[in-house]
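First the structure, in the form of structure tokens, and then the observations on it.
Numbering (mature numbering (1 follows the signal peptide of the UniProt record, and there is no 0)), first residue to last: -29 to -1, 1 to 217.
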């Protein structure tokens, strides 16, 4: 069961609870999984346009990263630990999504930055939390040579948008389930001689508001997922009157 399904339709939640939870040729889908009714009697500050939108690093278990058998064999032949590769991919995907959301929200006209895990939020701030539920690295060689979905990579995540309240509490506003795959474009072996290879923008480390990038190959999917989620969030912000309707 998704952690989002455990949220009430309306109410207040400790911020710490969410801290614990929390491309080219890509096919991406985003489903709105909940809209939350505003409870009565909450402080007027949460009615105002937010001064800041904080994007928290999405939570992820590196052990859930699926590596292709060929990648595993190559790592093992070199005496390298597959878990280190899984951790690198997980960190890359998380930071790419975070950075994409920060950039997209900033373009909407609202100040935004990446937040440290567990960072306290000022009352009235909008918080974006997420949990990555699936990372399949796929097979880059099959994607390049065959295409049409062969060796496809995939990233899935649950996302929640919340409002910070006094006393370290939060109120859920919206939630989404999003997934992105590497698409079904033809590979080089089938005539797509001009197909571009993935230019990985993986993250080797992250501080609040900054990322350092390296190559792992799943960043197009992660970035596309972030863009699509941001598009849904943009519609919600417009409905609240915080940004101009599009």
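Positions of the beta carbon are idealized from the N, C-alpha and C atoms, including for glycine.
Contact set for residue i: own chain, Cβ-Cβ below 6 Å, skip 5 residues either direction
{"i": "residue 76", "result": "24, 83"}
{"i": "residue 61", "result": "31, 33, 36"}
{"i": "residue 201", "result": "72, 75"}
{"i": "residue 20", "result": "213"}
{"i": "residue 90", "result": "none"}
{"i": "residue 205", "result": "79"}
Cβ neighbours of residue i in the same chain (closer than 7 Å, five flanking residues each side left out)
{"i": "residue 58", "result": "33"}
{"i": "residue 203", "result": "1, 3, 147"}
{"i": "residue 80", "result": "214"}
{"i": "residue 92", "result": "-15, 25, 98, 135"}
Alpha-carbon to alpha-carbon, residue j and residue i
{"i": "residue 108", "j": "residue 69", "result": "19 Å"}
{"i": "residue 6", "j": "residue 39", "result": "37 Å"}
{"i": "residue 1", "j": "residue 150", "result": "7 Å"}
{"i": "residue 191", "j": "residue 85", "result": "19 Å"}
{"i": "residue 142", "j": "residue 43", "result": "43 Å"}
{"i": "residue 193", "j": "residue 152", "result": "9 Å"}
{"i": "residue 47", "j": "residue 94", "result": "49 Å"}
{"i": "residue 304", "j": "residue 22", "result": "Residue numbering for the chain in the displayed model covers -29 to 217; residue 304 lies beyond these limits and cannot be assessed."}
{"i": "residue 217", "j": "residue 209", "result": "8 Å"}
{"i": "residue 100", "j": "residue 49", "result": "37 Å"}
{"i": "residue 185", "j": "residue 64", "result": "A caution first: residue 185 carries a pLDDT of 41, below 50, which makes its placement in the model unreliable, though a value can still be read off. Their backbone Cα atoms lie some 11 Å apart in a straight line."}
{"i": "residue 138", "j": "residue 54", "result": "39 Å"}
With 16 other Cβ atoms within 10 Å as the buried cut-off, status of residue i
{"i": "residue 211", "result": "exposed"}
{"i": "residue 56", "result": "buried"}
{"i": "residue 41", "result": "exposed"}
{"i": "residue 136", "result": "buried"}
{"i": "residue 218", "result": "Nothing about residue 218 can be reported from this structure: the residues present for the chain run from -29 to 217 only."}
{"i": "residue 198", "result": "buried"}
{"i": "residue 78", "result": "exposed"}
Bridge-paired residues (DSSP) for residue i
{"i": "residue 21", "result": "None, per the DSSP bridge assignment."}
{"i": "residue 83", "result": "24"}
{"i": "residue 97", "result": "24, 134"}
{"i": "residue 226", "result": "An answer regarding residue 226 cannot be provided, because it is not within the stretch -29 to 217 covered by the chain."}
{"i": "residue 92", "result": "DSSP output for residue 92 lists no bridge partner at all."}
{"i": "residue 69", "result": "Beta-bridge pairing links residue 69 to no other residue."}
{"i": "residue 77", "result": "Answer is none; residue 77 lacks a bridge partner."}
Residues of its chain near residue i, where Cβ-Cβ distance is below 8 Å and the 5 sequence neighbours each way are ignored
{"i": "residue 207", "result": "132, 144, 145"}
{"i": "residue 52", "result": "46"}
{"i": "residue 96", "result": "21, 22, 23, 24, 25, 134, 135"}
{"i": "residue -29", "result": "The predicted model places residue -29 with a pLDDT of 46, which falls under 50 and marks its position as unreliable; any figure quoted below should be read in that light. The answer is none, since no qualifying residue turns up."}
Below-9 Å beta-carbon distance, residue i vs any chain B residue
{"i": "residue 86", "result": "No chain B appears in the structure shown, which is made up of a single protein chain."}
Cβ-heavy atom distance, residue i to the ligand NAD, below 8 Å
{"i": "residue 134", "result": "With respect to the ligand NAD, the structure shown offers nothing to examine, as it has no ligands at all."}
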